[in-house]
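Chemist: Take this structure, written in structure tokens, and hold onto it; I'll ask about it next.
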Amino acid sequence: MAEKLYALGIKTPEQMKKANPEKLFERLYTIYPKVDLCELYVFRGAVLDIPWWECKNLGRKYKLKS
């Protein structure tokens with residue numbers, strides 16, 4: 003995961019907190035041919051500071067940056 007974050011330009015936790023997880027996931031998909039949906043959940047969990055497994059069905063409960 004660290005390699006993928008670096009490829010996206012994310013080098014610090016602070017940068018991750020300011021990122022949009024959906025946009026990161028879309029960019030990751032353009033860099034790597036095979037991307038697992040769980041990686042989106044990990045991005046969401048890092049940004050929202052919640053466990054990744056709670057990010058699968060977020061709905062409108064949490065507000066994400068656009």
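Going by this note's numbering, the residue at position 11 of the sequence shown is 13; the numbering climbs one at a time, nothing skipped. Even for Gly, the Cβ is constructed at its ideal location relative to N, Cα and C.
1. In chain order, what residues of the same chain have a beta carbon less than 7 angstroms from the beta carbon of F45, not counting five sequence neighbours either side?
2. Might you give, ordered along the chain, the residues of its own chain that have their beta carbon closer than 8 angstroms to the beta carbon of L7, omitting 5 neighbours on each side?
3. Counting C-beta neighbours from all protein chains within 10 Å, is the total for L42 16 or more, i.e. buried, or is it exposed?
4. Going by alpha carbons, who is nearest to L30 out of E56, C40, A9?
5. If we ignore side chains and look at the alpha-carbon of each, how far apart do V49 and K20 end up?
Modeler: Looking at the coordinates:
1. Around F45, the same chain offers P23, L26, F27 as residues with beta carbons nearer than 7 angstroms, after the five sequence neighbours per side are excluded.
2. K13, M18
3. buried
4. Looking from the CA of L30, the closest CA among E56, C40, A9 belongs to A9.
5. 7 angstroms
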